[in-house]
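Asks: Be aware that the sequence shown starts at 99, since it is given in this note's numbering, and climbs by one per residue.
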Amino acid sequence: MKTLVTVLFLLLFLITDSFSQPWKRKRKEVIYSLGATNFLGDLGGLNRTASPFVLDLEPVMTRPAVGFGYRYTLNPYSKVRGSVIWGILKGDDQLTAEPFRNNRNLHFRSHIVEISGVYEMYFNQEQSGNRYNIKGARGMRAKNTTYYGFIGFGAFYFNPKAVYNGSWVALQPLGTEGQGQPGGKPKYSRINVAIPMGLGARYAIDRYWKIGLEIGYRKTFTDYMDDVGGNYYDNKKLRDLKGDKAADLADPNLGKFPYQYDENGKTHPSNQRGDIKGRNDAYLFAMFSLNYTLQKRSSRAKF
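1. Quick one: any contact between the stretch 251-268 and the stretch 304-312, if contact means 3 or more CB pairs under 8 Å?
2. Inspect the CB distances between the stretch 317-325 and the stretch 167-179 and report whether three or more fall short of 8 Å.
3. Whole angstroms is fine: what's the gap from Ala384's alpha carbon to Tyr262's?
4. Check the Cβ-Cβ distances between Val267 and every residue of chain B, and say whether any is below 8 Å.
5. Just tell me which of Pro271, Tyr170, Asp360, Asn369 has its CA closest to the CA of Lys45.
6. Here's the rule I'm using: 16 or more other beta-carbon atoms within 10 Å means buried, otherwise exposed. How should Phe206 be labelled?
7. Between which residues of its own chain and Thr160 is the CB-CB distance below 6 Å, once the five residues before and five after are set aside?
8. So, at 6 Å on beta carbons, what are the nonlocal neighbours of Thr62 in its own chain, with the 5 sequence-adjacent residues on each side left out?
9. Which partner residues does Pro356 have in the DSSP bridge list?
10. Please classify Lys283: does DSSP put it in a helix, a strand, or coil?
11. Quick one: grab the DSSP three-state call for Asn333.
12. Count the CB pairs spanning the stretch 337-349 and the stretch 181-199 that are closer than 8 Å, and state whether there are at least three.
13. Compute the Euclidean distance between the alpha carbons of Glu224 and Gly296, then round it to the nearest angstrom.
14. Apply the 10 Å Cβ neighbour rule to Met238 and answer buried if 16 or more other Cβ atoms are within range, or exposed otherwise.
15. Per DSSP, what kind of secondary structure is Arg169 in: helix, strand or coil?
16. For Phe198, does the three-state DSSP call read helix, strand or coil?
17. Can you give me the C-alpha to C-alpha distance between Leu388 and Arg202, rounded to a whole angstrom?
18. How is the alpha helix (DSSP H) around Asp140 delimited, first residue to last?
19. Met219: which of Gly281, Tyr331, Val178 sits nearest, CA to CA?
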């Protein structure tokens, strides 16, 4: 009798636990993402001087992005996620009518690879309820949509390039602002860190599959994602030290403001080339995702 009571108690505990905390069997997910990215920096932008955050967003510079990730549930309102995202960033001064930026005539393109880990805080809890929400069926109705905010830490690789004689040329090795040259700044690293943050929503199609939409902002700690972040270097010196390619890509101005130029038509050294207010570059991701739950086999007794 004692053995039977013990067995019944254990069965009751297992059944109750499996119903009351089903999320424990669905902690792990794999994530496949497809979306778009956009750049917020010195080049291009709207028809105004450089502005912070999304006030300078140029929609036509939106480019594709893809990603892969893994999510782990800590509790119904907290999850952690690791992901890898690849995208393209682009900016072009010819897209803005702001006179000085347009005359500067710089452009860039960069592939970007980001690795990040974030904490997700959910504002509501997903509830399974009646699987098909049948009208008149008793019991809790399903809540298939959840909303969350996230913040974390990441690292990314970038490599700004510009077109020269019909080919894309990496700009960092050229030192277009005199990096690594006498009187110039040190060369910037093409690996930097970012703080990802944003909002998202997920919809459960069934017990295994979910679709999601997430919009994220990346705060970075570099002003050289577009190879522009300070003042002009002496163009003649740059030509002597690094060659015609570096000098031409450093200052392809359109000649609209003659008082700014030397006898060779190049901008005077120390004139402003990028944002000198200390604002770093940033970028955005808008990603659709397909999420698959690696569901743990239920410990529920089978009769």
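C-beta atoms are modelled at their ideal positions from N, C-alpha and C, and glycine is treated no differently.
Replies: Looking at the atomic coordinates:
1. no
2. no
3. If you number the sequence shown from 1, residue 384 lands on position 286. If you number the sequence shown from 1, residue 262 lands on position 164. Distance between the alpha carbons of Ala384 and Tyr262: 31 Å.
4. The chain inventory of the structure shown lacks chain B, comprising one protein chain alone.
5. No answer is possible for residue 45: the residues shown for the chain start at 99 and end at 401.
6. In the sequence shown, the residue the question calls residue 206 occupies position 108. Answer is buried; the Cβ neighbour count reaches 16.
7. For the purposes of this step, residue 160 is taken as the residue at position 62 of the sequence shown. Within the same chain, Thr160 has close Cβ partners Ala134, Asn136.
8. Outside the modelled stretch of the chain, which goes from 99 to 401, sits residue 62, for which no answer is possible.
9. As a first step, residue 356 is located in the sequence shown; it is residue number 258 there, counting from the start. In DSSP, Pro356 forms no bridge with anything.
10. Looking up residue 283 in the sequence shown gives position 185. Reduced to three states, the DSSP call for Lys283 is coil.
11. Along the sequence shown, one-based indexing puts residue 333 at 235. Residue state, collapsed to three classes: helix.
12. no
13. Within the sequence shown, the letter at position 126 stands for residue 224. Within the sequence shown, the letter at position 198 stands for residue 296. The straight-line gap from Cα to Cα measures roughly 20 Å.
14. Sequence index remark: in the sequence shown, residue 238 carries index 140 (1-based). Low per-residue confidence applies at Met238: pLDDT is 46, beneath 50, and the placement is therefore not dependable, though the value from the model is reported in the following sentence. Flag for Met238 reads exposed.
15. Here residue 169 refers to the residue found at position 71 when the sequence shown is read from its first residue. It is a strand residue.
16. Within the sequence shown, residue 198 is the residue found at index 100, counting from 1. Residue state, collapsed to three classes: helix.
17. Here residue 388 is taken as the residue at index 290 of the sequence shown, counted from 1. Here residue 202 is taken as the residue at index 104 of the sequence shown, counted from 1. Between Leu388 and Arg202, the C-alpha separation is close to 42 Å.
18. Residue mapping note: residue 140 aligns to position 42 of the sequence shown, counting from 1. Unbroken run through Asp140: none, as it is neither H nor E.
19. As a working mapping, residue 219 is identified with position 121 in the sequence shown. For Met219, the nearest C-alpha among the options comes from Val178.
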